[in-house]
Each structure stands twice: as structure tokens, then as C-alpha cells.
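The structure appears below as C-alpha cells.
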Amino acid sequence: MSGLLLQGIINGLIMGVIYGLIGAGLNIVFGVLRVVNFAHGEFVILGAYFAWFLLQALGIQPFLAMPLTFAVFFGVSYLLYFVLIPPLAKADDPEISSLLLMFGVSISMGALMLLVFDADARSLSFEMEPVFLTFGPVVVPTVRLVALAAALMIVAGLAYFLYRTHTGKALRAIIMNRDAVRIVGIKVEQLSAIAFGLGIGLAGVTGILTALVFPSFSPFVGADYTLIGFVVIVLGGLGHPIGAMLGAILFAVTEQVASIYFNPSIATICGFVLMVATIFVRPTGLLGRQALR
Amino acid sequence: MSSPTMAIKDVTVAYHGDITILNKVSIEARAGQVTGIIGPNGAGKSTALKTFFGLLPLRSGSVTLHGRDISRQKPHDRAGEGVAFVPQHRSLFADLSVEDNLVLGCWVFRHDKARVRRRIDAIYDRFPILRDKRNDPVSSMSGGQQRFVEFGRALLLEPSVILLDEPTAMLAPKISREFYTLIRSFADEGMTVILVDQNVRRCAEISDHLYILELGRNKADGSREQFQEGSALRDMVAAWMDYKID
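Heads up: the sequence lines are chains A and B, in that order.
Mapping to the working numbering: the first sequence position 134 is 154, numbers consecutive.
Mapping to the working numbering: the second sequence position 17 is 65, numbers consecutive.
Structure representation (C-alpha cells):
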């Protein structure tokens, strides 16, 4: 295997895990609430700005800012749920209404971030020594490796929560059979608010990781992350949080490896071709199941 | 006659605001008895059961539990008070294991880990097949086995009232007989059983009191004795429902 190919795979894995977190947050919200969160990318960017503010104003390092960011985003979103989502149930088509509502939230958030932070691209000025680590032919920025480790810890925490705790199992249960959770005495509204908080809390934390891995962020790039989120959940299976991770890694590795051999535009197309091919072969995504829908 | 454990009184329920499904329906159910609800398709039987559990808002009337008005209580609160519901369509979480489905059935007392374990073990003792398949996803089980999981999950709450909607639908006759015996045993153990069933003969056999609904209204009701062979009520129901009861 050539050094370049190995480099592409490593980069793809790092990107993939971070993309997977974007998809997992989007997937939890969609799976539990049937809400298409078009503003997910804006919440990712807001997370980056929040970390930037904590670093600039309070000197809190980005990795230390993650738990705080998650707590703030979770808490605010938990409350925001009760303002935004329950009224949708009265609509003739709640899913379409939710899509339009969150599209509006997306535009509003983009405009607000532009107003508050200006249009200039910003970056988290955070460096680690040594700047690069070398593994044979592969050179990886240290901060990317630490970001990968942080992302994997978040994935492990998320998996533990979803598969080992009562609330996590209830969240998975509501994705499988929303009507049935009422029968066992679960407060659906409260659980839905937790899902909304969790999804957006993940978006906030992922925003910090993207700001560490990519050179800069601005109020205009939220839609790009939303698109990536949709691609990976379609690949992995709608409503399946772990499927999103698998889909993301496949998408990112394809994109990064293709970028070695083709120009960047073609590489991006390769990622989307993978998605289209998956839809043709397996319309429910890699881990999605028709029965769950 | 003892006072009813659970009752709906003069209940009117409408879907989408203006399609009335139940019109001033009253049903009373007592402890230690099976209360059967029968009627043709569209009579409002399942709607009545959902109303008992609080899944549908009332337009008028009331729901009482142990004589207390619980009309405004949400389903999760009713579950917490010992009302269990087994709906007609599968209500399991397909990709979760039997054990996880039962664990979620303990949601209302989930913080009491000892009680959760004790209740699940009691269910395994009652339905040994579930212990054998505790780690299997319920989607891999047969229809009858899945019904056992649903019954077991309902019993986890140690319910005083158990609501059963077409519990033997889609089951083989031999398995169905097993379930009717089980349902009767719930009442014999002191539970209040409210049973909706299309199988009029079986329902009449195991019920202590039968309610007949037609087009969302009370048509008639009577005790098991009043439905005995040759009774006027039995003949009326048979003729009216176009059923061959025997």
C-alpha cells in the first residue's frame, strides 16, 4: 500500500468519525422526533463559535470546553424543544412542517451568527507540540489525532448511553415503536426533549472538533455540515445512530482516498456516487430496516 | 355487587375533532372478573380500551380508577397506578432483546433496581420460554412468543387492571386456547381484566360480564349467566351480529 493511500485512509478515518458524530446527532433527532433538523449544521458552527468565545474570553482550552459546550447546548435545546416541536403535532403533515420550521431556524441562526461574529472566517488558535506526528510514510497533525481520540471517546460514551442505560434504551425503543413507549409508562415528551438536547449537544461538541480539524469556520458553512450529516445517515440508515458512524467513515474514506487520485471536485462526487449506489442497492441504508420506519 | 375497579361513564370520543367514535358509552369492570367487550367492526371496542388507558382525549364523560376520577391523567401516570395495556398490534421493540423489552416494561419503577430484577425473574418463572430466549431480539420470535413477551411486560407492573385488545388475533387455535386460560387466570388472581375480542364465543366463555357495543354506543350488557345457551340475550346477539356463536 502506498504511503499516499495510507495517508488518505487515515485522514478519512479521522474525518469519518467526526462526520459520524454530525450524522449521529441528526439521526437521534430524526429517529426519535421525526424532525428533519435542517439547522443541525448551524448548531455545529455555533459550537465552534462557542469554543472560540471560551478560548478568547476565558482562556478555556477547546478540549476542556467540550463538556461545558455539551451541557450548555443540551440544556438550552432541551428547553427549546418545548417551544419549537410540540406545536408541530397539530400540523397536517408534521414532518414537512418540521423541515420548513428547521429550515427557518437554520437561516435565522446563520443570520444571527453573521450579525454577532461578522463574516470573517475564524479559527481556533490551538496548537500542540509536536505539531506533527510521523508514522512511517504517514504524517498526521497532532491536534487531529487528539481530536480523533476525543471523538472516539464521545462515540464510546454515546454507545454506552444508548445501549446500557435505561434512558438510552428508551430512546432506541422510541425509534423502533413510538406508540409502544406510552404503554410502558414512558413520558414521550420528556424523552423527546432529551433526544433533541442530545442531538444538538452532540452538534455543539462536534463543532469544536471540526474547528480543530479544519482550518477555519464562518457563519456560511453550516449548510455544508447539514448536507454531510444527511449523506451519512442516508448511507448508514435513517434513524440508526450507529449506522451513521459506519456511513460516515465509508463516505469520508472514499472522499479522502479519491482526493489522492483525482482533483477535489471529483473526490466529492465520488462520495456522493457512493451514497447514490448505496440507495440503489440497499434503500434503507447499511443498517436501516424498513420495519423500523 | 362490588364497586367497579375501573369504569368509563358517558364517554364521548371523537377522532380529528368531528368523527365521533364513542357516544356516551359506559363500561364498568370489577376486580377478579373478566369484563368482555364485543361488537362488530367499527363498534368502538378498541377505542373504548384506548380511552381506559388515556390514549385518547375525552370530549365528555369520565374515567375512574378505584372510584377516583382520572380522566385527565396521561397514559404514563395510569401505568404508574397499575393499569397495563396490551394493544392489538405488536407493541414490542423489535431489535431489542426480550430482557431489554422487559427492562423497559419496568420504566415506572426503574430506579428500584432490586424490584426490577425481582419482577423480571418472576416473569421468567411464569413464562420459562422467555428466560430461554432472554438475549434474543424479539423480532426473531414467533407471534405467540411475542405475545408472551407483551403479557409478561404488562404483568411486570403488578397491575390491578389489565386491558387486552384482541390478544389472540393472528394466533394458531392451540396457542389461542393457552392465552384464554392465561387471561382467565389473571382474573382468578384478583386482577380486573378488560378484554376486547372478535371471538364472541371464547370471549363469552371466559367473561364474567359482557358489554356489546354497536356504532359507538352501548347496545346491551349482561352477566355470563345471561349469555348461557338458549338465553334471550345470547340469541339477540347471535342474530344481531350475524354470528354463529356455537
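For every residue, glycine included, the Cβ atom is placed at its ideal position computed from N, Cα and C.
Bear in mind the structure is a predicted one, so any value in this text is a computation, not a measurement.
Check the C-beta distance from B/V285 over to B/I260 and give it rounded, since I have them as a contact under 8 Å. That pair is a contact at about 6 Å.
Does DSSP put A/L222 in a helix, in a strand, or in coil? The answer is helix: DSSP assigns A/L222 an H, G or I state.
At a CB distance below 9 Å, what residues from the region 125-155 of chain B approach chain A? Give them in sequence order. Interface annotation for the region 125-155 of chain B against chain A: D125, R126, A127, G128, A132, F133, V134, P135, H137, R138, S139, L140, F141, A142, D143, L144, D148, N149, V151, L152, G153, C154 and W155, criterion Cβ-Cβ distance under 9 Å.
As assigned by DSSP and simplified to three states, the class of A/H260: In the structure shown, A/H260 sits in coil (DSSP, three-state: anything other than H, G, I, E or B).
8 Å is my cut-off, CB to CB: does B/R163 come that close to chain A? So, not an interface residue.
Reference A/T288, options A/I228, A/H260, A/L178 and A/A272, closest by Cα: Looking at the Cα atoms, A/A272 is the closest of the given residues.
Scan the region 202-216 of chain A for residues whose Cβ lies nearer than 7 Å to a Cβ of chain B and list them as they occur along the chain. Taking 7 Å as the cut-off between beta carbons, the residues of the region 202-216 of chain A near chain B are R202, I203, V204, G205, I206 and K207, in sequence order.
What in chain A is Cβ-close to B/P123, meaning under 8 Å? By Cβ distance, chain A contributes R202, I203 and G205.
Whether A/G28 touches A/S285 by CB criterion (8 Å): No.
Please specify which runs of the alpha helix (DSSP H), each continuous and at least 4 residues long, are wholly inside the region 51-75 of chain A, giving them in chain order. Runs of the alpha helix (DSSP H) inside the region 51-75 of chain A: 60-73.
Under 9 Å Cβ-Cβ, which residues of chain B neighbour A/K189? Correct list: F141, L144, D148, V151 and L152.
Hey, how far is the Cα of B/D143 from the Cα of B/S187? Taking the straight line from one Cα to the other gives about 6 Å.
Can you tell me whether B/D117 is helix, strand or coil according to DSSP? Looking at B/D117 - three-state DSSP - the assignment turns out to be strand.
Assuming A/F93 and A/I220 are in contact, meaning their beta carbons sit under 8 Å apart, how far apart are those beta carbons, in whole angstroms? Right, their Cβ atoms sit about 5 Å apart.
If we cut at 8 Å on Cβ distances, does A/A85 have a partner in chain B? Taking Cβ atoms only, chain B never reaches closer than 8 Å to A/A85, which makes this a no.
Just tell me which of B/M189, B/H124, B/D180 and B/L205 has its CA closest to the CA of B/L140. Cα-wise, what sits closest to B/L140 is B/M189.
Check whether A/L307 and A/G257 have beta carbons under 8 Å apart: Yes, they are a contact pair.
Using 10 angstroms around the beta-carbon of A/L312, count the other beta-carbons present and answer buried if the total reaches 16, otherwise exposed. Residue placement at A/L312 is flagged as unreliable, the pLDDT there being 38, under the threshold of 50; a coordinate-derived value is accordingly withheld.
Would you identify the three-state DSSP class for A/N31, choosing helix, strand or coil? A/N31 sits in a helix when the DSSP states are folded into three classes.
Less than 7 Å separating the Cβ of A/L66 from some heavy atom of the ligand HEM? Although the ligand HEM was asked about, the structure shown includes no ligands whatsoever.
Within the same chain, show all residues whose beta-carbon is closer than 7 Å to that of A/I30, passing over the 5 residues directly before and after it, in chain order. Sequence-distant partners of A/I30 (beyond 5 residues in either direction) whose C-beta falls short of 7 Å from its own C-beta, in its chain, are V158 and V160.
Spatial neighbours of A/G61 in its chain, beta-carbon cut-off 6 Å, leaving aside the 5 residues before and after: Excluding residues within five positions, the ones whose Cβ falls inside 6 Å are G242, A243, Y245 and T246.
At 8 Å on the CB atoms, spell out the chain B contacts of A/M196, in chain order. For A/M196, the C-beta contacts it makes with chain B under 8 Å involve F141, A142, D143 and L144, in order along the chain.
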